[in-house]
């Protein structure tokens, strides 16, 4: 059990700081060599590229996504931002959720807006938080396909679509054009929705 927690912590640290799985494999080999004579646990660590990826994708990602979604359900209202990106011949779409929270303070890209309320001598800081909730591959770039992808993400995560307040993306016509854009498709379904044009690139 101790070995498993060390490997999980090691992978978490690597993901948090953007280390590649190759870098993590190199580091784990170094740790094994450095502490070979003094630690039986260090000697037995086996957290190379394949295992690191499996821990990151199958253990850490679902856990932290669930934590984000629990906070979103408590916050109730949310916004979704997306951006298309080409990696070789693959088009990918990361989906980021934004919501207000008074739960803790996250380090990183979260502090975009602060509102302070005074209530019975207590100070509550409301923080706009961001969280990556899904990352999909789809070569189709027309508005209806992007719209359907967002709806699928919302449905798969069991979020209430009526609590969606805005969508954010770049100013491309497919996203915010006047006719048959992603925003117009959302506007047909959710008349109250706002657009967050020229959102910071994801």
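Numbering (my numbering), first residue to last: 1264 to 1465.
Glycine is no exception: its CB is placed at the ideal position from the N, C-alpha and C atoms.
Every value quoted in this text rests on a predicted model; they were computed, and no experiment measured them.
Looking at residue 1409: is its Cβ nearer than 9 Å to the Cβ of residue 1356? Against the chain shown, residue 1409 aligns to sequence position 146. Against the chain shown, residue 1356 aligns to sequence position 93. Closer than 9 Å, so yes.
Nearest residue (CA-CA) to residue 1347, options 1412, 1425 and 1427: Here residue 1347 refers to the residue found at position 84 of the chain shown. Of 1412, 1425 and 1427, the residue nearest in Cα terms is 1412.
Please name the residue in 1277, 1332 and 1450 whose C-alpha comes closest to that of residue 1360. As a first step, residue 1360 must be located in the chain shown, where it is residue number 97. Minimum Cα distance to residue 1360 is reached at 1332.
Residue environment, residue 1442, which counts as buried when at least 16 other CB atoms sit within 10 Å: To locate residue 1442, count along the chain shown from 1; it is residue 179. It counts as exposed.
Smallest Cα separation from residue 1324: which of 1425, 1446, 1438 and 1271? Numbered from 1 along the chain shown, position 61 holds the residue referred to as residue 1324. Out of 1425, 1446, 1438 and 1271, 1271 has the C-alpha closest to the C-alpha of residue 1324.
DSSP state of residue 1459, grouped into three classes? For this step, residue 1459 is matched to residue 196 along the chain shown. In the structure shown, residue 1459 sits in a strand (DSSP, three-state: E or B).
If the criterion is Cβ atoms closer than 9 Å, does the pair residue 1427 and residue 1453 meet it? In the chain shown, counting from the first residue as 1, residue 1427 sits at position 164. In the chain shown, counting from the first residue as 1, residue 1453 sits at position 190. In contact: residue 1427 and residue 1453 (Cβ atoms closer than 9 Å).
Which residues does DSSP pair with residue 1343 in a beta bridge? Within the chain shown, residue 1343 is the residue found at index 80, counting from 1. According to DSSP, residue 1343 bridges with 1360 and 1430.
Within 10 angstroms of its Cβ, does residue 1362 collect 16 or more other Cβ (buried), or is it exposed? Translated into positions along the chain shown, residue 1362 becomes position 99. So residue 1362 ends up on the buried side.
Anyone know if the C-beta pair for residue 1310 and residue 1273 falls short of 9 Å? Locating residue 1310 in the chain shown gives position 47, counting from the first residue. Locating residue 1273 in the chain shown gives position 10, counting from the first residue. In contact: residue 1310 and residue 1273 (Cβ atoms closer than 9 Å).
Residue 1400 bridges to which residues according to DSSP? For the purposes of this step, residue 1400 is taken as residue 137 along the chain shown, with counting starting at 1. In DSSP, residue 1400 forms a bridge with 1355.
Would you decide whether residue 1429 is buried or exposed? Buried here means 16 or more other CB atoms lie within 10 Å of its CB. Residue numbering aside, residue 1429 sits at position 166 when the chain shown is read from its first letter. Residue 1429 comes out buried.
Here's a check: name, in chain order, each residue in its chain whose Cβ is nearer than 7 Å to the Cβ of residue 1338, leaving out the five neighbours to either side. Counting from 1 along the chain shown, the entry for residue 1338 is found at position 75. Around residue 1338: 1362, 1363 and 1364.
Going by DSSP in three states, residue 1349 sits in which element: helix, strand or coil? Counting from 1 along the chain shown, the entry for residue 1349 is found at position 86. The answer is strand: DSSP assigns residue 1349 an E or B state.
If you count every other CB in all the chains shown that lies within 10 Å of the CB of residue 1432, and 16 or more means buried, which is it? Stepping through the chain shown from its first residue, residue 1432 is reached at position 169. With 16 or more Cβ atoms within 10 Å of its Cβ, residue 1432 is classed as buried.
Alpha carbon to alpha carbon, how far is residue 1343 from residue 1456? Within the chain shown, numbered from 1, the residue matching residue 1343 stands at position 80. Within the chain shown, numbered from 1, the residue matching residue 1456 stands at position 193. For residue 1343 and residue 1456, the distance between alpha carbons rounds to 11 Å.
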